[in-house]
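As they're listed, the protein sequences go chains E and X. So the working numbering is basically just the index in the first sequence, starting at one, shifted up by 3. So the working numbering is basically just the index in the second sequence, starting at one, shifted up by 1. Just so it is clear, CB atoms sit at the ideal spot from N, CA and C, and this is done for glycine as well. Here the structure is a predicted model, which means the values were calculated and not measured. Data block below; observations after.
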Amino acid sequence: MNAWTLAVDGWIIAIGALGALACAVPGAFLVVRRTSMLADAVSHAVLPGIAVAFLLSGTRDPLWMFLGAAAAGLFVTLGSSALARIARIDSGAALGIVFTTMFALGLILIVQVADRVDLDPSCVLYGAIELAPLDSILLLGVEVPRAVLVLGGVTLLNAFVAVIFWKELTVMAFDPALARTLGCRPKLMESIILGMAAATCVAAFESVGSILIVAMMIIPAASARLWSDRLAGVIVGAMLIGILGALVGHWIATAVAPAIIPGGRDASSAGSIAATLGALLVASIVVAPRRGIVVRLVHRWLLTLRIAREDAIGLLWRLDEDQRTVAPAQLRDLLVRGAEIPNWLARMAIAHLVRDGRLECVENVARLTTQGRADGASLVRSHRLWEIYLMQRLAIAKDHVHPTAMVLEHITDAVMREQLAREGGIAADDHGTRADPHGRAVPEVPRTNGAN
Amino acid sequence: MTSATARTPSDFGCEHSSSSPLSIHALTVAYDRRPVLWDVDLDVPAQSIVGVIGPNGAGKSTLLKACLGLIPIASGKVSVFGKPYEEQRARVGYVPQRESVDWDFPVSVLEVVMMGTFGQLGWFQMAGKLERAKAREALDAVGLADEENQQIGQLSGGQQQRVFLARALAQSAQIYLMDEPFSSVDAATEQAIIAVLRRMRSEGRTVIVVHHDLETARDYFDWVILLNTRVVAAGPTATTLTHEQLRKTYGGRLTLLDEAAQRMQKAQLG
């Protein structure tokens, strides 16, 4: 385990973080438009573009590299849509064909030109973020890695483009047809997104490589989408997640991996950063608000408990209607059999009802309180109104309506209930004189404080 | 072209009226060389609510999209207030089908409605207070003032349709082309939408609506265009929406024309 030094590790983290910052804008747009595959296509397709630029210019001049990459990026989108149209294959397959073919051509070209220009094929694929700090430029008296300047420049450029074309880019991304009728030039905006993606790929090539750049472009944006419901939020979130990924990824590569892997060598920082981003996505899927698994499980559990409680109240209300009384243990058994729920859930639902003052157990008899009776009446009213509705409107047989009404009663609020009553031809002042299909009265909801 | 041509009295003596909000002349539209709309020729009257009615696949959406330049036209001409559409973009509003966008898109209700104002802003000009106020006013008009901060996917189908309508209102155009604004909305939303359309008409605007509920058509529209790959009839609702014309619109498919269209596609003609 090596101690971090600012001059080396600081720059590596800065390069990783800047790579993620540069990726955030094009990445977010590709993810929200559900065209993430284009990041993969562009990053691979720029390879022959760069190789051809090398061949033609004989230099590593960034301008030439960018022009070659941009041309290749444009070619992959135009070429694949033309291929899809002419050969009549689906657009995903056409994209896959064009970018892999271009990537293969790029590999051949790069190996061929590698002798003539200073370009290492494996560096193009996997990047060499660890070596990036060595290639530095003196700026205002400080040795700054070239990668930091290039990635920083692209980050600023992407942010600038996003700000000045914000309204055109967003309306294009959400509704291209509207964008066209507003004169927002959606095709041009789409090219601008691809141009940003291509420029970012070129800038990040030497440090993170053409494969990991896809992870940097897509994963932070996809994770951020789970945390934010606004496009700007997704972009800022992707930036923050990218910075976190660079920091944690490099720490894992230099401190954690050597300690747990025999041999004690540092792992690849770029690889660790991408793997960390993947882990952050998984974490987001689990804990994100609203869309996260934890939140959804909690919601489902609360719903299950609420339904069990309502079933207990409905059961007791109906028993009461028949002037029958039950002991708490009997109520639990009836609930387990009637609602097909586990014993512990029935026990818990009853305990909750007692605690909330809906249910009381006096002399071994379970009885609804005033509040409990009101809840029961509205539930049974919903149930029987649904039965009437289902028979009248859907012509469902009398002996088939009960199970459906059993489900619908739990999602019926007061507004929907009275709408049902109106549509079923039951006036509010019927006072429970109307009968459901099984000959039972549709109860009124007694007025209490806080009845739902 | 006899029954397909509908003329208002004002353009007696000239081919098409230059004052008509939307004037379509001999418009033919083809997908991949296969014609789907043949020789549409009509002048839409100003300050009216116009229904475009016809069976599935009749080319109703195609007609709107062709007028807006969203799909190429094979031949013919569309003019808006006597000038080509490209010069009149700002005066024409479009409400696409609800299914045409991704409602999971990370954008708020207010942001979507503000998009309607983007046509009035120049390049590099950002939406500001004025646009925000316009959008809020439009949301208020469709009864969604309380939902402005919701992500659009949180809304019901009817509310989503009203968001689109609010966006159109914020656009302040003179003529609106709406693709099935009444599709799968509840009764209350339908009433809210028609109220907004009537308000638009009373303000002198023209609204063209793709619609497929014949029961309500008579009540909603001043004028109808009966479409089935060609204009079967177009004119005032009372005289045009007749059993005879509806039978022609929904009845017999023009199999010979279908066959010819398919051959045109195969032969790469046109």
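What does the alpha-carbon distance come out to for the pair residue i and residue j?
i, j, result
"X/S173", "X/R92", "8 Å"
"E/L191", "E/I263", "50 Å"
"X/S184", "E/T184", "22 Å"
"E/A235", "E/T173", "10 Å"
"E/L41", "E/L33", "7 Å"
"X/P46", "E/L21", "58 Å"
"E/E412", "E/A311", "12 Å"
"E/G109", "X/L140", "53 Å"
"E/D402", "X/R168", "48 Å"
"X/H298", "X/K78", "Past the boundaries of the shown model lies residue 298 of chain X; chain X is included only from 2 to 271, so the question cannot be answered."
"X/D259", "E/V217", "47 Å"
"E/G453", "E/W320", "Unreliable positioning characterises E/G453 in this predicted model, as indicated by a pLDDT of 45, which lies under 50. A coordinate reading is not provided."
"E/I18", "E/M175", "31 Å"
"X/Y221", "X/V186", "16 Å"
"E/A286", "E/V298", "13 Å"
"E/R443", "E/L305", "31 Å"
"E/R309", "E/D336", "18 Å"
"X/L111", "X/E132", "10 Å"
"X/T207", "X/T190", "21 Å"
"E/I246", "E/I255", "14 Å"
"X/K130", "X/V197", "24 Å"
"E/V164", "X/F82", "36 Å"
"X/S62", "X/T118", "24 Å"
"X/R200", "X/Q48", "11 Å"
"E/M105", "E/L50", "8 Å"
What is the DSSP secondary structure of residue i, reduced to helix, strand or coil?
i, result
"X/M179", "strand"
"E/V448", "coil"
"E/R228", "helix"
"X/W124", "coil"
"E/Q422", "helix"
"X/H212", "strand"
"X/G236", "strand"
"E/A17", "helix"
"X/T241", "helix"
"X/G159", "helix"
"X/V93", "strand"
"X/W104", "coil"
"E/T8", "coil"
"X/L38", "strand"
"E/V329", "strand"
"X/L69", "coil"
"X/S49", "coil"
"E/D416", "coil"
"E/P345", "coil"
"E/I429", "coil"
"X/Q98", "coil"
"X/A268", "coil"
"E/L195", "As written in the sequence, residue 195 of chain E is Ile, which differs from the Leu given in the question. Helix at E/I195."
"E/V285", "helix"
Provide the residue(s) that pair with residue i in DSSP beta bridges, ordered along the chain.
i, result
"E/W304", "In the DSSP output, where bridge partners are listed per residue, E/W304 has none listed."
"X/S80", "X/S24 and X/P85"
"E/V368", "E/V365"
"X/L227", "X/I54 and X/A234"
"X/Q152", "X/S109"
"X/D44", "X/S24"
"X/T207", "X/I176"
"X/T29", "X/S76"
"E/A438", "E/A444"
Any heavy atom of the ligand SAM closer than 7 Å to the Cβ of residue i?
i, result
"E/L172", "Among the components modelled here there is no ligand, and therefore nothing to report on the ligand SAM."
Taking only beta carbons into account, state which residues of the stretch 224-237 of chain E come closer than 8 Å to chain X, listed in chain order.
R228, S231, D232, R233, L234, G236 and V237
For the stretch 339-350 of chain E, which residues have a CB atom closer than 9 Å to at least one CB atom of chain X, in sequence order?
none
Residues in the stretch 132-165 of chain X having any Cβ partner in chain E nearer than 7 Å:
Q152
Which residue spans inside the stretch 27-102 of chain E form an unbroken alpha helix (DSSP H) run of at least 4?
40-60 and 65-90
Which runs of the alpha helix (DSSP H) fall wholly inside the stretch 132-188 of chain E and span at least 4 residues, in chain order?
149-167, 169-177 and 179-184
Under 8 Å (Cβ pairs) to chain X, residues found in the stretch 280-307 of chain E:
none
Determine which residues of the stretch 306-324 of chain E have a Cβ less than 7 Å from any Cβ of chain X, and write them out in chain order.
none
Where the stretch 175-186 of chain E meets chain X: residues whose CB sits under 7 Å from a CB there
F177, D178, A180, L181, R183, T184, L185 and G186
Output the residue ranges of the beta strand (DSSP E) runs that lie fully inside the stretch 207-265 of chain E and measure 3 residues or longer, sorted by chain position.
none
Closer than 7 Å, Cβ to Cβ, to anything on chain X: give me those residues from the stretch 16-36 of chain E, in chain order.
V35
Going along the stretch 157-170 of chain E in order, which residues come within less than 9 Å of chain X, judged by CB to CB distance?
V166, I167, F168, W169 and K170
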